[in-house]
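Inspection log for the structure reproduced underneath, given as structure tokens.
Protein chains: 2
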Amino acid sequence: MNDAVSPSRYQLAEIGALLAEPARAAMLLALIDGTARPAGELARAAGVGAATASAHLKRLLEGGLLAVHEQGRHRYYRLADDDVAGMIETLAAPRGRPVLPDPTGGDRPLRTARTCYRHLAGRLGVGLCDALLQQGYVLAASEGMRLQEHGAQALVQAGLDAARVETLLPLAGRGCLDWTERRLHLGGPLGVSLTDALLDAGWLRRRATSRALQPSDDGLRRLIALGVPWESGS
Amino acid sequence: MNDAVSPSRYQLAEIGALLAEPARAAMLLALIDGTARPAGELARAAGVGAATASAHLKRLLEGGLLAVHEQGRHRYYRLADDDVAGMIETLAAPRGRPVLPDPTGGDRPLRTARTCYRHLAGRLGVGLCDALLQQGYVLAASEGMRLQEHGAQALVQAGLDAARVETLLPLAGRGCLDWTERRLHLGGPLGVSLTDALLDAGWLRRRATSRALQPSDDGLRRLIALGVPWESGS
DNA sequence: CGAACACTTCGTGCCTTGACGAAACGTACG
DNA sequence: CGTACGTTTCGTCAAGGCACGAAGTGTTCG
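Respectively, the protein sequence lines represent chains W and G. Under UniProt numbering, the first residue of the first sequence is numbered 1, with each subsequent residue one higher. Under UniProt numbering, the first residue of the second sequence is numbered 1, with each subsequent residue one higher.
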């Protein structure tokens, strides 16, 4: 009747329109690991010409989904923040029908551990999230997940830098739905900073070409000691 | 280069295209409380003619966002499941800029308590979620939030039907972002069934016209006894 | 049984939007 | 300083999608 114009309907439609074009969707998915990429690379990833890509990137930028960093004659685009990343990973997760079980086989490393925007995802990400929650190191509340005092102590004892762990205490984490595992892992500022700490400590290493992550032997041992479930296979 | 065609880009674009039209967005938002509404009512809510509305509803149906229930000469449409509802409420939440603080004043009841799809949202929803988590009645894990044994006992002691509470134990809850509070409340199957139990027990009552909920005096007392924070004002 | 009703399907016109090539702009490099 | 390169802007064209009126299907009611 008179619920004529709700402002949120246009907000919803605006975001939808940005995602509606396969070329734009491909660009966003290419950036989901949190890296920043130049326009030309995104054009190739989307399968369109440079001019077309530029127009798409402009719209995504004005829509607030992307941020840009100019450097010389390159313009590096990245996702605006991890709210956007979480939104995209949520929408890209297959709803309804079950996820296809690894058709190519080539994405095994991706399923093991990868970055989702800037936090840890994949089997290792889900396992770490489980371990932290089950042992009460991280507690959920309505304002988000918070690292507890004794959880911080456990991380330090496991080998992380104490000052670094200290900075994690005020940060809030969010559950982020994993598209391979269909379970939650730890995202949000807490998830991002914790993943950074793991990378800097050498427990995980970035692979050169993809957004897959490779745990070091030592790092894997320490993670298992923290309670992360892991079968030796793969 | 050769990341030419990822299937998920089309999945993302498909969902985006469904949301991209203001008329369709308005229809989805009109259904966000979990009610089922006939096509004509949705046409009026979207501000389009019957023929146009029918075409939109068909697309939403084929896209898996809606379900339909035929009854006589009416066709009642509703959201397909609460994954869809959560997705929409997440996307409709204003990103970035802060949420406007109650411009009309008319949505006070909505901010207090309402249904989000079929589970409890608003200040009361956030407060209940907090109470359950802080007292360990509900624990988060990567597969979702689960009601614990002693949490079930607490609910029974507070006055809910024991057999009813029993059915909640195997259900998984999910955090659902609240657009008025910008904090999480309890959604998913667990949130839906728990809200049903509260309604059937008379702790909450539906208001006639909107999706706002009104706690009964007795119900509010029992919720506060469960640990839900509440100021007497409003 | 016929009229009113709810909804869908069909056909048409209009407008938005994405694609590309050509050209302009700015930076890097020899 | 001129050329090569990455990126954006402009102009044009074609296609897709939305809106509506008219007609068709099935249901309810007098």
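The beta-carbon is built from N, C-alpha and C at its ideal position, and this holds for glycine as well.
Exercise. Should the stretch 155-170 of chain G be called in touch with the stretch 114-127 of chain G, which here means at least 3 C-beta pairs below 8 angstroms?
Worked result: The stretch 155-170 of chain G vs the stretch 114-127 of chain G: no contact.
Exercise. Excluding sequence positions up to five away, which residues of its chain have a Cβ less than 8 angstroms from the Cβ of Ala13 of chain G?
Worked result: Around Ala13 of chain G, the same chain offers no residue with a beta carbon nearer than 8 angstroms, after the five sequence neighbours per side are excluded.
Exercise. Three or more C-beta pairs closer than 8 angstroms, one from the stretch 127-145 of chain G and one from the stretch 50-63 of chain W: is that the case here?
Worked result: Short answer: they don't touch.
Exercise. Hey, quick one: how far does the beta strand (DSSP E) through Gly175 of chain G stretch, first residue to last?
Worked result: First-last of the beta strand (DSSP E) with Gly175 of chain G: 174-177.
Exercise. Tell me which same chain residues have a C-beta within less than 8 angstroms of the C-beta of Val192 of chain W, skipping the five on either side of it?
Worked result: Asp82, Tyr117, Arg118, His119, listed in sequence order.
Exercise. Going by alpha carbons, who is nearest to Ile88 of chain W out of W:Thr112, W:Arg207, W:Ala25?
Worked result: Selected option, being the one with the closest Cα: W:Ala25.
Exercise. Taking Cβ positions, are Ala85 of chain G and Ala67 of chain G nearer each other than 9 angstroms?
Worked result: Between Ala85 of chain G and Ala67 of chain G, the gap from beta carbon to beta carbon reaches 9 angstroms or more.
Exercise. Any idea which residues DSSP pairs Pro38 of chain W with across the strands?
Worked result: Among the bridge pairs identified by DSSP, Pro38 of chain W is matched with W:Tyr76.
Exercise. Got a sec? Which residues, its chain only, sit under 6 angstroms from Arg183 of chain G by beta carbon, not counting five neighbours each side?
Worked result: The beta carbon of Arg183 of chain G sits closer than 6 angstroms to the beta carbons of Val126 from its chain, once the five residues preceding and following it are set aside; these are given in chain order.
For this session: Select from W:His150, W:Arg114, W:Glu62, W:Ser142 the residue whose C-alpha is nearest the C-alpha of Gln135 of chain W.
Result: It is W:His150 whose Cα lies nearest to the Cα of Gln135 of chain W.
Problem set entry | beta strand (DSSP E) segment containing Gly144 of chain W, residue limits | Looking at the DSSP string, the run of the beta strand (DSSP E) that includes Gly144 of chain W is 144-147.
Problem set entry | Where the stretch 159-189 of chain G meets chain W: residues whose CB sits under 7 angstroms from a CB there | Within the stretch 159-189 of chain G, the residues whose Cβ lies closer than 7 angstroms to some Cβ of chain W are Gly175, Arg183, Leu184, His185, listed in chain order.
Exercise. When you compare only the Cα positions, how much space is there between Thr22 of chain W and Ala197 of chain G?
Worked result: A small correction: the amino acid at residue 22 of chain W is Pro; Thr does not occupy that position in the sequence shown. For Pro22 of chain W and Ala197 of chain G, the distance between alpha carbons rounds to 43 angstroms.
Problem set entry | Residues that Arg123 of chain W contacts on chain G, provided the C-beta gap is smaller than 7 angstroms | The premise fails here: Arg123 of chain W is roughly 11 angstroms from chain G at the closest Cβ pair, so nothing lies under 7 angstroms.
Problem set entry | Buried or exposed by the 16-neighbour rule on C-beta atoms within 10 Å, applied to Tyr137 of chain G | Classification of Tyr137 of chain G: buried, given that the 10 Å Cβ count is 16 or more.
For this session: Under 8 angstroms Cβ to Cβ from Ala154 of chain W, same chain only, skipping five residues before and after it: list those, please.
Result: Answer for Ala154 of chain W: Gln135, Tyr137, Leu226, listed in chain order.
Problem set entry | Cα-Cα separation between Leu60 of chain W and Thr90 of chain W, rounded to whole angstroms | Rounded to whole angstroms, Leu60 of chain W to Thr90 of chain W spans 18 angstroms at the Cα level.
For this session: Could you pull out every residue in the same chain whose Cβ sits closer than 7 angstroms to the Cβ of residue 245 of chain W, ignoring the five residues on either side in sequence?
Result: With chain W running from 1 to 234 in the structure shown, residue 245 of chain W is simply not present.
For this session: Look at Thr180 of chain W and Ala141 of chain W and say whether their C-beta atoms are less than 9 angstroms apart.
Result: For Thr180 of chain W and Ala141 of chain W, no; Cβs fall outside 9 angstroms.
Exercise. Between the stretch 132-146 of chain G and chain W, which residues of the former have CB atoms less than 8 angstroms from a CB of the latter, in chain order?
Worked result: The residues in question are Leu133, Gln134, Leu139, Ala140, Ala141, Ser142, Glu143, Gly144, Met145.
Exercise. Does the distance from the CB of Ala30 of chain G to the CB of Leu18 of chain G come in under 9 angstroms?
Worked result: No, they are not a contact pair.
Exercise. Does Ala50 of chain G get closer than 9 angstroms to chain W when you measure Cβ to Cβ?
Worked result: Not closer than 9 angstroms to any Cβ of chain W, the Cβ of Ala50 of chain G fails to qualify, so no.
Exercise. Between G:Asp33, G:Ala113, G:Gly173, which lies nearest to Gln214 of chain G when the distance is taken from Cα to Cα?
Worked result: That would be G:Ala113, whose Cα lies nearest to the Cα of Gln214 of chain G.
Exercise. What residues of chain W sit near Gln10 of chain G, judged by a beta carbon separation below 8 angstroms?
Worked result: Strictly speaking, residue 10 of chain G in this sequence is Tyr, with Gln absent from that position. By Cβ distance, chain W contributes Pro22, Ala25.
Exercise. Shorter than 9 angstroms from the beta carbon of Ala36 of chain G to some beta carbon of chain W?
Worked result: In terms of beta-carbon proximity, Ala36 of chain G stays away from the interface with chain W, with every pair separated by 9 angstroms or more.
Exercise. With which residues is Leu184 of chain G paired in a DSSP beta bridge?
Worked result: Residue pairing of Leu184 of chain G in beta bridges, as defined by DSSP: G:Leu177.
For this session: Tell me whether Ala202 of chain W is buried or exposed, calling it buried when 16 or more other Cβ atoms sit within 10 Å of its Cβ.
Result: The amino acid at residue 202 of chain W is misidentified as Ala; the sequence shows Gly. So Gly202 of chain W counts as exposed.
Exercise. DSSP three-state call for Val165 of chain W: helix, strand or coil?
Worked result: Judged by DSSP in its simplified three-state form, Val165 of chain W adopts helix.
Problem set entry | Beta-carbon contacts of Leu28 of chain G that lie in its chain and below 6 angstroms, excluding the five residues immediately before and after | Closer than 6 angstroms at Cβ, skipping near neighbours: Ile88.
Exercise. Of all the CB atoms in chain G, is at least one closer than 9 angstroms to the CB of Asp3 of chain W?
Worked result: For Asp3 of chain W, the pLDDT reaches just 41, beneath the cut-off of 50, and the residue's location in the model is therefore unreliable, although a value from the coordinates is still provided. Answer yes: the Cβ-Cβ gap between Asp3 of chain W and chain G drops below 9 angstroms somewhere.
For this session: Answer yes or no: does any C-beta atom of chain W fall closer than 9 angstroms to that of Arg222 of chain G?
Result: Not one chain W Cβ lies under 9 angstroms of Arg222 of chain G.
Exercise. Can you list the residues of chain G that Val126 of chain W reaches, using a CB-CB cut of under 7 angstroms?
Worked result: By Cβ distance, chain G contributes Ser142.
Exercise. Asp130 of chain G touches chain W at which residues, Cβ-Cβ below 9 angstroms?
Worked result: Counting only Cβ-Cβ distances below 9 angstroms, Asp130 of chain G has contacts in chain W at Ala141, Ser142, Glu143, in chain order.
For this session: Find out if the Cβ-Cβ distance for the pair Leu177 of chain G, Gly144 of chain G is shorter than 9 angstroms.
Result: In terms of Cβ geometry, Leu177 of chain G and Gly144 of chain G do not form a close pair [threshold 9 angstroms].
Exercise. What are the boundary residues of the beta strand (DSSP E) that Val138 of chain G is part of?
Worked result: Per DSSP, Val138 of chain G is one residue of the beta strand (DSSP E) stretching across 138-141.
For this session: Quickly, what does DSSP pair His150 of chain G with across the bridge? List them, please.
Result: The partner list for His150 of chain G (beta bridge, DSSP) is empty, contrary to what the question assumes.
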